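Engineer: Sequence positions in the sequence shown follow full-length UniProt numbering and run 1 to 66.
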Amino acid sequence: MAAAGTRIIDMSQARQQLAEQLAETVFQGLQEDLNHQERVLLVVSGGSTPVPFLRHWRLSRCPGIG
1 MAAAGTRIID
11 MSQARQQLAE
21 QLAETVFQGL
31 QEDLNHQERV
41 LLVVSGGSTP
51 VPFLRHWRLS
61 RCPGIG
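As structure tokens, then:
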């Protein structure tokens, strides 16, 4: 049990929320760019670093991009 005034942060949940926010921000930026040009390019690092972002990207409202 945490002492009074101690804040416990669920890092797993925080990472998930951050990935969701990042995916939404990137999606909005790409959509805006697509309003002004025919194609856009998104490059992400390899490995496990972008996995939460890409997982949310796949599940998000961006079927035309991906």
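Glycine is no exception: its CB is placed at the ideal position from the N, C-alpha and C atoms. Note that this is a predicted model, so its numbers are computed, not measured.
So, does the segment 28-47 touch the segment 5-20, judging by three or more C-beta pairs under 8 Å?
Structural biologist: Touching, no, given that fewer than three Cβ pairs across the two stretches are closer than 8 Å.
Engineer: Can you tell me whether DSSP reads Leu42 as helix, strand or coil?
Structural biologist: Residue state, collapsed to three classes: coil.
Engineer: Closer than 7 Å by C-beta to Gln52: which residues in its own chain qualify, once you throw out the five before and the five after it? Chain order, please.
Structural biologist: According to the sequence provided, residue 52 is Pro. The question's Gln does not apply to it. Only Arg15, Gln16, Ala19 meet the Cβ criterion.
Engineer: Run through DSSP, which three-state label would Ser60 get?
Structural biologist: Three-state result, Ser60: coil.
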